[in-house]
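As they're listed, the protein sequences go chains G and R.
Heads up: take any position in the first sequence, counting from 1, add 1, and you land on our numbering.
Heads up: take any position in the second sequence, counting from 1, add 48, and you land on our numbering.
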Amino acid sequence: MNAPYFVEVLARNGEVRQRQRVETLPIRIGRAYDNDLILDDHHASPHHALIEDDGQGGLQVRDLDSNNGVVCQGCRREQMQIGGDTVFRLGHTSLRVRCADYAVADARRDTTRHGWEGWPPALAGGIILVLLTLVGTWGEDTEKAGAILYVNALAGLLGMALLWSGGWTLANRLFGGQTRFGRHLFIAACGLLVIETVSLLSSVAAYALSLVTLTQFDSLLEILVVAGMVYFHLLTINPNHPKRIAVSAVVVGLLGMGLVLMVNFQKGGIFADELYNSDLYSPALRLSADKPVNQFLEEAQHLKPQLDAERGKPVNGVSEY
Amino acid sequence: MKSFFLFALSLFCFNALAQSADDAVELPAPSSTAQRLYAAAKGDLLQVRVLLKSGRTQSSVGSGFMIGTSNLVVTNYHVMSQVALEPETYVGEYRDTAGRRGAVELLAVDVLHDLAVVRVDRSGSGFFKVPQALPALKQGQYLYSLGNPLDLGFAISEGAYNGIVSRSFYEQLMFTGPINAGMSGGPNVTVEGRVAGVNVSKRTDGELVSFLVPVRFVRDLLQRVAAQSNPPADFKLEVGQQLLAHQASMVDRLDATPLTFKQLSPYQVPVWESDQVRCWGWSNTKQDNKPYTLDQVSCAMEAALFVSGEVDTGYVSIQHKRIQSDELGAWRFGGLASRQFKSQGVGWHKDVRLTPSQCVEQFVDNGKLPMRAVLCVRAYRKFPELYDFTLLTASTDASRMTLQSRVEAVGVSYPNGLRLARIFLDSLAKEVQP
């Protein structure tokens, strides 16, 4: 226990909001101006508490008969021993006291690539977005609509991407202290690239192999990718708890999928995104063999029992029209 | 509401002005036949109203007429459809030209010809007779429709008989005279006062093109009423059976009609072209400078059966589309074909009348054309054994050309739906290049 002492005012998430250096004990804390640490807290008494030597080589906090007392772990204390990690509350203010000889942890390994901040990732993200939009729009431009189509699509997509990454940037500034806009734009662009690629591959595979399920649940795949994006955005804001972030991303993903399935069911009475696979490609991509008409109609025959079973079910509680 | 009244008022003022201006000119003699007919028929003419049981507010309004001296009234099925299908919610009422009201009891329906017979608590004077021997009509002869148009009051309108229409699945008479909403179910009589038919509908895309149900179907339905001891306990079942009978005869008749093959070169597309099924063509080439051509043949029955305000059923429609492009590459053409295929749309929004669609899809080859085929089926919740079938196909024979077809059979039995699907799947073809 060596002087000087540092009284730290903590935010709710444990970060230090204010640090006061005090050379000698005891340390007087309260709202009045003759204290060593002045609290701007309406719920603190003018002379609220005192930090002093506990006579055993440590520190203790003593309540100076304040209105609201000294609270630690939910219990009001008249007097208690405190270590460097003990957090106690005076009124609405959480405090911690550390001595000069408090042992701090070693530096965490720096995994951030400092060269990949600011303009480079922003530019890369921007280029990915522009290319995605141009290629996507070119693919859909079958009506000779001209340049306006491309400009419109670019404006729309870039606007959306800016809003999305702007939101994450704001969150980063609030909770992580830095802005890191470039990183967030890059994550958004990569996410979109993955979504487009996954959709395309699943759609081509669905056509080639006649696997209808792949396109019917395309939106679930997309939500999976969005959950991955959320993971990377959160990790950019706060890289300290990757596991906790992974769990929240999974929860977000599951909630999103549940919502999509519910909306689909409410809209059309089925869980799939669409009734049938409408994506057609060049016949050269087709791998699945042609079936004879008989076999196709045979399969159709099997729908009848399901339809007849459905007929008897009430619709949203209404059994008649 | 305010503006409506204003409009009505201004119309009235205009008429009054016009009349005073015309006073100087000698007016043509009023139609004495219409006067005489209305005076004679007045006592046997009714307005038939369907009311909500709770609140007794009116839900639909039509007309009807007393048969002979009995207590039977003939009207349209579509006037009484709510009472037939939802007797727990709706109830019928009549009002005569003297303003007297009373309850009506549904005795029989004929969905196919759109007729219904109800019983009331009064008798007719004998003006409207439906004899065994029916009047022979000549084109151009005067006919008179009676009823209560738009719930405004009882009216008679004069027009001409213009033959039998074969467009609708069941025979109807063409009446070139005004029939308005609310006159449905009212009688149509000859100059001598003999019943020629029952007012049923009009074309809203034409002028004075109205339709009558021929009186012989009224005669047949009255005979059925005379033969039955009690009215059917559940009209839903009765309607369902009539719909099943209709689809059976419709599909049989279609099947007996040889398919016509239209050229959407190099494809040969099958359609039925007959009096009932009309075909129309469409092409985008001339209209606009698109990088692809789209040629289309659509055939559809112009008439469907009215079942209720929400359900029209018992018809078939066929559409073939050839899309082709030299300008677009295979990739972009695939996107175009996909969007077209998607827009073929199988109704899949939640529906209280029909179950959700169930589909099968597959690459299919009939030996003449390889294609991607999708068959979606929905069942009618209220009518057992009735389904809506939609068959979609997209040919997979070329990378920059495709034939997309859509065949819809609405309100058919399961075997008949499959039968129609098979006919089309078997007969789509590509010409073999010599």
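No residue lacks a Cβ here, since even glycine has one placed at the ideal position from N, Cα and C.
Does the beta carbon of residue i sit closer than 8 angstroms to a beta carbon anywhere in chain G?
i	result
E409(R)	yes
V299(R)	no
P306(R)	no
Y142(R)	no
A72(R)	In this prediction, A72(R) scores a pLDDT of 48, lower than 50, which makes its location untrustworthy; no coordinate-derived value is stated.
N414(R)	yes
S241(R)	Sequence inspection shows Gly at residue 241(R); the Ser mentioned does not correspond to that position. G241(R) does not count as touching chain G.
L312(R)	no
W330(R)	no
A244(R)	no
D442(R)	The question names Asp, but residue 442(R) is Ala in the sequence shown. So, interface residue.
C327(R)	no
How many Å lie between residue i and residue j at the Cα?
i	j	result
A181(R)	V122(R)	18 angstroms
R245(G)	V72(G)	29 angstroms
P5(G)	D37(G)	13 angstroms
V248(G)	H234(G)	14 angstroms
A207(G)	F389(R)	15 angstroms
G157(G)	A189(G)	15 angstroms
Q344(R)	Q452(R)	9 angstroms
Q410(R)	G140(G)	26 angstroms
N332(R)	G382(R)	19 angstroms
F283(R)	A88(R)	34 angstroms
T438(R)	E223(G)	30 angstroms
H185(G)	A162(G)	10 angstroms
E118(G)	A154(G)	27 angstroms
L221(G)	Q106(R)	49 angstroms
F266(G)	F272(G)	5 angstroms
S283(G)	V131(G)	26 angstroms
N69(G)	F89(G)	12 angstroms
V483(R)	S443(R)	Given a span of 49 to 482 for chain R in the structure shown, any question on residue 483(R) remains unanswerable.
Within 8 angstroms of any Cβ in chain R, is that where the Cβ of residue i sits?
i	result
D280(G)	yes
I224(G)	no
D309(G)	yes
V294(G)	yes
F182(G)	no
S95(G)	no
P306(G)	no
L163(G)	no
Q19(G)	no
I271(G)	yes
By alpha-carbon positions, which one of the options ends up nearest to residue i?
i	options	result
S258(R)	S475(R), L440(R), G234(R)	G234(R)
A21(G)	Q296(G), G183(G), L96(G), Q217(G)	Looking at the sequence shown, residue 21(G) is not Ala but Gln. The shortest Cα separation from Q21(G) among Q296(G), G183(G), L96(G), Q217(G) belongs to L96(G).
F297(G)	S373(R), R420(R), V319(R), G207(R)	R420(R)
L120(R)	G174(R), L198(R), A208(R)	G174(R)
E53(G)	H44(G), L65(G), A45(G)	L65(G)
L342(R)	T450(R), A378(R), T438(R)	T450(R)
V213(R)	R251(R), L94(R), F309(R)	R251(R)
C424(R)	N278(G), N69(G), R287(G), L210(G)	N278(G)
A275(R)	W330(R), A156(R), A477(R), G329(R)	A156(R)
L15(G)	D86(G), Q80(G), R63(G)	The amino acid at residue 15(G) is misidentified as Leu; the sequence shows Gly. Looking at the Cα atoms, D86(G) is the closest of the given residues.
K305(G)	L434(R), V412(R), V299(R), V248(R)	L434(R)
L171(G)	G192(G), H44(G), L133(G), I238(G)	I238(G)
For residue i, which three-state DSSP category applies?
i	result
L212(G)	coil
Y282(G)	coil
P121(G)	helix
G1(G)	Chain G is shown from 2 up to 322; residue 1(G) falls before or after that span and cannot be answered.
L202(G)	helix
S297(R)	helix
D36(R)	The question about residue 36(R) has no answer here: the residues shown for chain R are numbered 49 through 482.
H242(G)	coil
R109(G)	coil
R470(R)	helix
In chain C, which residues lie with their C-beta within 9 angstroms of the C-beta of residue i?
i	result
Q217(G)	No chain C appears in the structure shown, which is made up of the protein chains G and R.
Residues in the segment 459-477 of chain R having any Cβ partner in chain G nearer than 7 angstroms: Y462, L466, A469, R470, L473, D474
Could you run through the segment 101-112 of chain R and flag, in chain order, every residue whose CB is less than 9 angstroms away from some CB of chain G? none
Please name the residues in the segment 133-153 of chain G whose beta-carbon is closer than 7 angstroms to at least one beta-carbon of chain R, in chain order. G140, E141, T143, E144, K145
Give me the subset of the segment 173-200 of chain R whose CB atoms are less than 7 angstroms from a CB atom of chain G, sorted by chain position. none
Chain-ordered residues of the segment 334-357 of chain R with a beta carbon less than 8 angstroms from chain G: N337, K338, P339, Y340, S356
Determine which residues of the segment 369-391 of chain R have a Cβ less than 7 angstroms from any Cβ of chain G, and write them out in chain order. L376, A378, W379, R380, G382, G383, L384, A385, S386, F389, K390
If you measure beta-carbon to beta-carbon, which residues of the segment 133-164 of chain R are closer than 9 angstroms to chain G? L133, E134, E136, T137
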